[in-house]
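Peer 1: Per the UniProt record's numbering, residue 1 is the first one in the sequence shown, and the count goes up by one each step. For glycine and all other residues, C-beta sits at the position ideal for the given N, C-alpha and C. Structure incoming, see below.
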Amino acid sequence: MNSLQSPSAVVMVRPHAFASNPETRDDNAFQTLANRSAKATSTAARDEHDRAVEQLRAAGVTVHVFDDHGTQDTPDSVFPNNWFSTHPGGHVAIYPMFVPSRRRERRSDVIELLKQEYRVQDVIDYSGLEQDNLALEGTGAMVLDHVGRIAYTVKSNRADPVLLERFCTHFNYEPIAFEARDAEGRDVYHTNVLMGIGTHYALICLNMITDLDRRATVRARLEESGRTVIDLSHEQIADFAGNAIELSGNNGLVLALSSRALDALTPQQIEVIKASATTLPLTIPTIETAGGSVRCMIAGIHLSRR
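Below is the structure:
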């Protein structure tokens, strides 16, 4: 089974010099410092990544792995979903990133593989807009409903509103932007930490959306798309329960999320997910210290094979 929302192939980046990035710590409240040496942290992150790749492949997901040996000083490279995205019809976008170390994550070999193995009609590169201090960090900044053509976006310095409008015009999405804060009142840095959209359900912490009218609009638009809304708590978001991605495997839909995230869900919430998808928990505690989880690690390929 293949779903327009849930790709059967993904890109992942294998980290050799993983670390919690000091450049992004100011506005990413999810970051923590690993309590071990840099080498031990890096090795643990690489091992977690490799086990995740094995589990995804065992579920029938095609995983294209690229090594990052750390020569470019890119501590967040394990999160490739921020610098590019792919779209049905053969379209690829490359994004401007907020901090310099993340800009160095972009690499031509990923784009070349997509062109070689998939049907790519055009590549729209927005990265030059970094010179104007504009950022739009891919499917971290935007959670895309590929069926309803909506780009749900938390307002932040990682998602410039002018660039969001430009992306939505190019790629035929409707932007729905909103402010969101965590339980301590801190701004949310990426939309994909508070929501994830599957084929038949959506995970979201509605209480993080500060404007009540906007909150009602987001819920209504998700429900209008035929999805069951799984409303997450602040505590569940802190355990990365919103940072999940639905994929198409050999035996149907799978929801890839961290073991920590799955443990945070209630039996009732899991029941809603399992009505249409199998849960696939990946154990990545070291990688989560960088402030991202499974969704951030996976760049979905919404392109047709050659």
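Just grab the DSSP bridge partners of Ala40 for me.
Peer 2: Translated into positions along the sequence shown, residue 40 becomes position 40. DSSP, once it has assigned bridges, lists no residue as partnering Ala40.
Peer 1: Can you give the Cα-Cα distance for Arg25 and Ser156, rounded to whole angstroms?
Peer 2: Stepping through the sequence shown from its first residue, residue 25 is reached at position 25. Stepping through the sequence shown from its first residue, residue 156 is reached at position 156. Note that Arg25 scores a pLDDT of 47, beneath 50, so its modelled location is shaky; the value from the coordinates is reported in the next line. Rounded to the nearest angstrom, the two C-alpha atoms are 14 Å apart.
Peer 1: Going straight from the alpha carbon of Ile298 to that of Asp211, what length do you get?
Peer 2: Translated into the one-based positions of the sequence shown, residue 298 becomes position 298. Translated into the one-based positions of the sequence shown, residue 211 becomes position 211. Distance between the alpha carbons of Ile298 and Asp211: 30 Å.
Peer 1: Since Gly252 sits in a beta bridge, which residues does DSSP pair it with?
Peer 2: By 1-based counting over the sequence shown, the position of residue 252 is 252. DSSP, once it has assigned bridges, lists Gly249 as partnering Gly252.
Peer 1: By DSSP, does Ile124 sit in helix, in strand, or in coil?
Peer 2: Taking the sequence shown and counting its residues from 1, the one referred to as residue 124 is at position 124. Ile124 falls in the strand class under three-state DSSP.
Peer 1: Going by beta carbon distance, what residues of the same chain come within less than 6 Å of Leu134, once the five residues before and after it are set aside?
Peer 2: Reading the sequence shown from its first residue, position 134 is the one you call residue 134. Pro96, Asp160 and Leu163.
Peer 1: Provide the residue span of the alpha helix (DSSP H) that contains Asp263, from first to last.
Peer 2: One-based indexing of the sequence shown puts residue 263 at position 263. From DSSP, the alpha helix (DSSP H) with Asp263 extends over Ser259 to Ala264.
Peer 1: Confirm, please, whether the CB-CB distance from Val294 to Ala244 is below 8 Å.
Peer 2: Working through the sequence shown from its first residue, we reach residue 244 at position 244. Working through the sequence shown from its first residue, we reach residue 294 at position 294. Against a cut-off of 8 Å, the Cβ pair of Val294 and Ala244 comes out as a contact.
Peer 1: Compute the Euclidean distance between the alpha carbons of Asn207 and Arg215, then round it to the nearest angstrom.
Peer 2: Position 207 of the sequence shown holds residue 207. Position 215 of the sequence shown holds residue 215. The alpha-carbon atoms of Asn207 and Arg215 are separated by roughly 8 Å.
Peer 1: Are the CB atoms of Thr86 and Leu129 within a distance shorter than 8 Å?
Peer 2: Taking the sequence shown and counting its residues from 1, one reaches residue 129 at position 129. Taking the sequence shown and counting its residues from 1, one reaches residue 86 at position 86. Not a contact, by the Cβ cut-off of 8 Å.
Peer 1: If you measure between the beta carbons of Thr153 and Thr191, is that distance less than 8 Å?
Peer 2: Walking along the sequence shown from the start, residue 153 turns up at place 153. Walking along the sequence shown from the start, residue 191 turns up at place 191. Contact: yes.
Peer 1: Looking at the unbroken alpha helix (DSSP H) that takes in Tyr238, where does it start and where does it end?
Peer 2: Numbered from its first residue, the sequence shown carries residue 238 at position 238. Reading off the sequence, residue 238 comes out as Ala, not Tyr. Run containing Ala238: His234 to Ala238, per the alpha helix (DSSP H) assignment.
Peer 1: Could you confirm whether any beta carbon from chain C is found closer than 8 Å to the beta carbon of Leu265?
Peer 2: Absent from the structure is chain C; it holds one protein chain and no more.
Peer 1: Decide if Gly226 is buried, meaning its Cβ has at least 16 other Cβ atoms within 10 Å, or exposed.
Peer 2: Within the sequence shown, numbered from 1, the residue matching residue 226 stands at position 226. So Gly226 ends up on the exposed side.
Peer 1: Quick check on the DSSP output: the alpha helix (DSSP H) that includes Thr217 runs from which residue to which?
Peer 2: Here residue 217 is taken as the residue at index 217 of the sequence shown, counted from 1. Looking at the DSSP string, the run of the alpha helix (DSSP H) that includes Thr217 is Leu212 to Glu224.
Peer 1: Within a Cβ cutoff of 6 Å, which residues of the same chain sit near Ser304, ignoring the five residues on either side of it in sequence?
Peer 2: Taking the sequence shown and counting its residues from 1, one reaches residue 304 at position 304. Arg119.
Peer 1: How many angstroms separate the CA atom of Ile209 from the CA atom of Ala177?
Peer 2: Indexing the sequence shown from 1 puts residue 209 at position 209. Indexing the sequence shown from 1 puts residue 177 at position 177. Each residue's alpha carbon lies about 10 Å from the other.
Peer 1: Could you tell me which residues DSSP puts in a beta bridge with Tyr152?
Peer 2: What you label residue 152 is simply residue 152 of the sequence shown in a count that begins at 1. DSSP output for Tyr152 lists Val143 and Ile176 as bridge partner(s).
Peer 1: Check whether the Cβ atoms of Thr62 and Ser8 lie closer than 8 Å to each other.
Peer 2: Counting from 1 along the sequence shown, the entry for residue 62 is found at position 62. Counting from 1 along the sequence shown, the entry for residue 8 is found at position 8. Contact flag set, yes.
Peer 1: Does DSSP put Leu164 in a helix, a strand or coil?
Peer 2: What you label residue 164 is simply residue 164 of the sequence shown in a count that begins at 1. Three-state result, Leu164: helix.
Peer 1: How do the region 259-268 and the region 232-240 stand: do at least 3 beta-carbon pairs fall below 8 Å, yes or no?
Peer 2: At 8 Å Cβ cutoff, the stretches touch.
Peer 1: Tell me the DSSP secondary structure of Gly138 in three-state form.
Peer 2: To locate residue 138, count along the sequence shown from 1; it is residue 138. Correct three-state label for Gly138: helix.
Peer 1: Give the straight-line distance between the Cα atoms of Pro267 and Asp125, rounded to the nearest whole angstrom.
Peer 2: Against the sequence shown, residue 267 aligns to sequence position 267. Against the sequence shown, residue 125 aligns to sequence position 125. Their Cα atoms are separated by approximately 43 Å.
Peer 1: Taking the C-alpha atoms as reference points, what is the distance between Tyr173 and Thr41?
Peer 2: For the purposes of this step, residue 173 is identified with residue 173 of the sequence shown, where counting begins at 1. For the purposes of this step, residue 41 is identified with residue 41 of the sequence shown, where counting begins at 1. Roughly 39 Å between the two C-alpha positions.
Peer 1: In the DSSP assignment, find the unbroken beta strand (DSSP E) run with Ile287 in it and report its ends.
Peer 2: Taking the first residue of the sequence shown as 1, we reach residue 287 at position 287. Looking at the DSSP string, Ile287 is not in any beta strand (DSSP E); the run it does join, the alpha helix (DSSP H), is Pro285 to Glu288.
Peer 1: Suppose contacts are defined by Cβ-Cβ distances below 8 Å. Is Leu265 in contact with Val254 by that definition?
Peer 2: Taking the sequence shown and counting its residues from 1, the one referred to as residue 265 is at position 265. Taking the sequence shown and counting its residues from 1, the one referred to as residue 254 is at position 254. No, the pair does not count as a contact, with Cβ atoms beyond the cut-off.
Peer 1: Apply the 10 Å Cβ neighbour rule to Ser6 and answer buried if 16 or more other Cβ atoms are within range, or exposed otherwise.
Peer 2: Along the sequence shown, one-based indexing puts residue 6 at 6. When all chains shown are included, Ser6 counts as buried.
Peer 1: Strictly by DSSP, which residues pair up with Phe18?
Peer 2: Working through the sequence shown from its first residue, we reach residue 18 at position 18. DSSP lists no partner for Phe18.
Peer 1: Under 8 Å, with one C-beta from each stretch per pair, do the region 99-115 and the region 42-53 reach the 3-pair mark?
Peer 2: With the cut-off at 8 Å, the region 99-115 and the region 42-53 do not touch.
Peer 1: What do you reckon, are the CB atoms on Glu105 and Ser127 nearer than 8 Å?
Peer 2: For the purposes of this step, residue 105 is taken as the residue at position 105 of the sequence shown. For the purposes of this step, residue 127 is taken as the residue at position 127 of the sequence shown. It is not a contact, given that the beta carbons lie outside the stated cut-off.
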